[in-house]
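Written below as structure tokens is the structure these notes are about.
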Amino acid sequence: MQKNLIKKSGFAPKENTKGIFRKKHAAFGNYCIEADFEQEKINLGDLIIAEQKTTLHFSPNKNWVVLECVNRLLEKGYPPQNIILEKTWSTGHGTSGRLDILVTRDDGSAYLMIECKTWGNEFEKELKRIEKDGGQLFTYFQQDKNADILMLYASGADDNGINYRSEIIKIEADYRQAGNVKDFHERWNKLRKSNGFFESWVSPYEFQSKALTKKDLKALKQEDSSFIFNRFLEILRRHAVSDKSNAFNKIFTLFLCKIIDEDRNDDEQLHFQWIEGEDTHISFQKRLADLHNRGMLELLEKKVTDISDVEFEKQFQPVEDRYKEKFKEILTEIRLKKNSEFAVKEVYDEASFLDNAKAVKEVVELLQVYQLRYSCRQQFLSDFFELLLTTGLKQESGQFFTPVPVARFIIKSLPFHKIIEQKLRQGNPNDLLPAIIDYAAGSGHFITESMEEIQKHIDAMDENQYAPTAKRALKKWKEVPFDWAKDYVYGVEKDYRLAKTAKVSCYLHGDGLAKVIHGDGLGDFNTSKEFKDLLKNTDKTYPQDNKQFDAVISNPPYSVAALKRNMTDDKKAKQAFELYSRLTDQSSEIECLFIERAKQLLKDGGVAGIILPHSILDNGSVLNIQTREIMLRYFDIIAIMELGANTFMATDVKTVIFFLRRKNNADFVNVKASVDKFFQSYQDITINGIEKPIHEYVSQIWGGIAFRDFVALLEKRPNREITEHDIYKEYAEKFSGSQTEKLEQIIVAEKEKTAYFIMAYPQRLVYAKTGEKNDEKQFLGYEFSSRRGSEGIRPIKKGSTIEACTSLYDSKDLNHSEKANYYISQAFKGNVDLPVPDSLNNHIEYLNLFELLDFTEVDFCKKIKKTTKANIKYEEAWGTANLTALVSIADIKKGKSITKAQTAEGRIPVIAGGQNPAYFHNQSNRDGNIITVSASGAYAGFLNYFDAPIFASDCNTIKSKDEKLMPTRLLFYFLKALQPQFYQLQRGQAQPHVYGNDIEKVKIPLFTDFKITHKILEEIDALEAKAKTHVVADIDKQREQILKKYL
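Under this note's numbering, think of the first position of the sequence shown as 2, with each following residue one higher.
Structural data, given as structure tokens:
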């Protein structure tokens, strides 16, 4: 084996000897090195120094690697007198280290340190040690910091010749400043060169790593994404970069440069690289600047104000050379030696330029060997991109990047397959796929994920099922994935940094063709300079609307201060948005305008998945109320998902996802016209597909009132059934004026409520929620980590994937019944009563939209909120069926409202919505021996008993009709045993109410013998008396036992 090695290396048998092979090196006067197989010794001549003799023996096998390497050095032109074997240094504590090969300069100073290892495991083991802590080579360098190059070397022979492998570390100036091996290892950029020393294009002592071509780029592997990310963070730390957000922004700029640079032929030299031996920081950054300018123009259609050297030469050709060079020098100063697009650190002069340039060089060297452009999604590159986004890019103006699992969930919930199928069947060559837009694109997640989803549907379709136009298109899109995106996918982003990031994201996911527009998603369709193609159109019938898109998918910003000042001019804004008139100078609810913009963008039947702040459901401001009116008038609400505080990283803002389908603008107009007609004729005709809709409204909202009673109210002759109803009482208390004026106001309010009830009544929707804390984490399947080295999003189960853990979706099966997206996608198809598995019982339910709206409110705010509908099982609560309704044994009356300002000084407690008196007055409106039930607020339903007079305000009062049979005080004890059930009677959202009509239906045990009720009361009184002098455990429980003992 050894003979084969030296023969392949050019050794030949020595004349007149036995077993000796030698090689002459003509460049050095036929200097000879020999291998003696008889003596098993190696002779390297008298010029090569071996400080120890270990390497001059045939064993171990490593010595043959040393011999082959020495031969290669001589062949390359390194003089034998400059080669030292087993260079020995004292490493402290009586130990020493021996470097296999040291190559010196002519003056004797160290130039190259080589550590040799046998091919395979030994080499790989030492390479891992170097990566971990520097290994032997870093220790040797600390002994002599003059070296320019460190090399780990291995070689071996096969039938084709000698194979060698060298991993090279080029020493940078700051490495020499390291105080110890650990410091050196931390300063090292973790980059190695695999060429630049032994190759034919390199001369001795002139290390020159060959310039990369496109075919030299390496595809990213799984371990590369975390390596690059952590290395980037290390570069920032080592160069003391304090503004991390700016630094991460600059890396996206460098990505832009690299992406545009990879648009070359395989053999073309890449510009995005540091070329050793050729580049200076000036020439290098000029090349980067040219790439950036080209990228901005080609990818974002932005012409950067700059001038390249080539352009300079063209424009200043007539200028004398001596002036031209000076001009160019000044121009270079202006271009680069200030805060340029590559200023990871602040740049303001020569010194700061060089400081920043070193950091930029390291980042580029980190990235330059990897391929960033792919024709399809490259998962490891996507992972790296997510790491950068979730930890580096600062979010402002209400922006929160959408985690990829949430973006995928929304997209997989939308009925894209059905839309694509319909369009392909219709065969319109200009409208074969859904037009999709994210009008606040951010980092581009919704763009890339929707494109991925559409391409999956395309790939799964049989083109032979369609007419020729669609067939040809499908075939083309399968052959050239994402080629369709330039016509069908739009992203608009106002923040330039994020617009650039979104475009980079498209390329990093293999999608680069989407229309990413740097502009305002709320811009004017007619006058916005940035809008193009579909965004330039307006509807002929409804000019405020665009109506060009099949899907809006977005997570728009929330709560942007001074919103109105950021809008276009006042006149245009008023024309563009009906909500604009509701904005004040202090308004910040930009999300409301984005909801109206979704209405404007979508075609009839178009769908939306939009993430919004939770406050959109029930905020009582006029702007939010009118926004909900837009949602109810122009959309079917297919699903609502409440997201917990752990869904997004770095924010505790509670959010919801609305899944919507666009109605025709005329739908609400027609319903309203039909309702107006009813309020004149009182003829209950079919409206919006609902037979007798007013009967249904009265039945659902005015419980206990007949249709004729409701008509009597509309005729301004309310009967007793109406005037004693809680809703009427609320109206009468709230509205001012004469009886006639009050009735007119009631009719106006009821007309509006009726119209919205009819719009909402047919809609049954999916109401989903992630849950809270650990429940939420288990449902989402992911969590966020800020631990150094493990930053970003990760699956909740170690060693698994988010897709394996999440209950949001199944990436391979859209119809997986244990995933939430299935129920929403089915709801878009009209399937809204599917059985829900136990695994999702706490997360998915079906509700009627009209039940989420509180039509009993006097001020109908259209708040959308899930409330627990009381379903109290009184027989189970009492353990008997012998019950009676409270209204049959007690008088239930509503209190009279009084404000604190209306009270006079006194000692009469005013009982309102709390657990304690609200204030005191000098008059009462109820005698003592009375039960109160708080009517509104957080404690609506709270029961109390007063034996002295009170003023009943925001409460209902209860008093027994027969004090002998059922004393009011005993009745209180029976009702107090039902306190949890009384809380269940709460209705409404932000301000819950408990109404008298519901209290009337409460059931308690029926008694016919006053002796029994008095016996019960005596036992309770005895228990209460005992509790005043002794400690009585669980007095409430003992009291309840007494009550039930006689049932």
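Backbone N, C-alpha and C fix where the C-beta goes; we use that ideal spot for every residue, glycine too.
Return the CA-CA distance between residue i and residue j, expressed in angstroms with no decimal places.
i            : j            : result
residue 768  : residue 850  : 10 Å
residue 799  : residue 786  : 13 Å
residue 417  : residue 435  : 8 Å
residue 141  : residue 135  : 10 Å
residue 842  : residue 770  : 10 Å
residue 384  : residue 836  : 36 Å
residue 398  : residue 566  : The predicted position of residue 398 is uncertain, since its pLDDT is 42 and thus under 50; no value can be drawn from it.
residue 993  : residue 936  : 8 Å
residue 951  : residue 910  : 5 Å
residue 131  : residue 169  : 11 Å
residue 1008 : residue 736  : 42 Å
residue 1029 : residue 1017 : 19 Å
residue 495  : residue 580  : 21 Å
residue 1    : residue 271  : Given a span of 2 to 1048 for the chain in the structure shown, any question on residue 1 remains unanswerable.
residue 654  : residue 784  : 16 Å
Should residue i and residue j be called a contact, given that it needs their Cβ atoms to be closer than 9 Å?
i           : j           : result
residue 602 : residue 547 : yes
residue 7   : residue 69  : yes
residue 151 : residue 113 : yes
residue 830 : residue 419 : yes
residue 522 : residue 557 : yes
residue 285 : residue 505 : no
residue 624 : residue 584 : yes
residue 866 : residue 619 : yes
residue 710 : residue 720 : yes
residue 342 : residue 236 : no
residue 108 : residue 86  : no
residue 802 : residue 781 : no
residue 407 : residue 809 : yes
residue 153 : residue 118 : yes
residue 983 : residue 649 : no
residue 38  : residue 21  : yes
residue 440 : residue 553 : yes
residue 59  : residue 84  : no
residue 163 : residue 10  : yes
Taking its Cβ as the centre, do 16 or more other Cβ atoms sit within 10 Å of residue i, making it buried, or is it exposed?
i           : result
residue 201 : exposed
residue 862 : buried
residue 288 : buried
residue 395 : Unreliable positioning characterises residue 395 in this predicted model, as indicated by a pLDDT of 49, which lies under 50. A coordinate reading is not provided.
residue 17  : exposed
residue 529 : buried
residue 204 : exposed
residue 296 : buried
residue 298 : exposed
residue 48  : exposed
residue 456 : buried
CB-CB under 6 Å to residue i, same chain, minus the five flanking residues each way: which ones, in chain order?
i           : result
residue 896 : 953, 954, 956
residue 976 : 944
residue 931 : 947, 958, 960
residue 218 : 372
residue 915 : 940
Once the 5 residues before and after residue i are set aside, which same chain residues still bring their CB inside 8 Å of it?
i           : result
residue 886 : 1001, 1002, 1003, 1004
residue 78  : 28, 204, 205
Within the same chain, show all residues whose beta-carbon is closer than 7 Å to that of residue i, passing over the 5 residues directly before and after it, in chain order.
i           : result
residue 175 : 188
residue 613 : 592, 656, 657, 659
residue 856 : 702, 754, 758
residue 400 : At residue 400, the pLDDT of 48 sits below 50, so the modelled position is not reliable; the number obtained from the coordinates is stated separately. Cβ neighbours of residue 400 beyond the five flanking positions: 443, 558.
residue 734 : 898
I want to check one thing, is the minimum distance from the CB of residue i to the heavy atoms of the ligand ADP below 8 Å?
i          : result
residue 48 : Judged by which ligands are present, the structure shown has none, so any question about the ligand ADP falls away.
(message) I'd like to know if the stretch 350-358 and the stretch 459-469 are in contact, where contact means that at least 3 CB-CB pairs between them fall below 8 Å.
(response) no
(request) Could you tell me whether the stretch 897-908 touches the stretch 916-928, where touching means 3 or more Cβ pairs closer than 8 Å? (result) yes
(message) Is it the case that the stretch 420-429 contacts the stretch 814-824, given that we only count it when at least three CB pairs across the two stretches are under 8 Å?
(response) no
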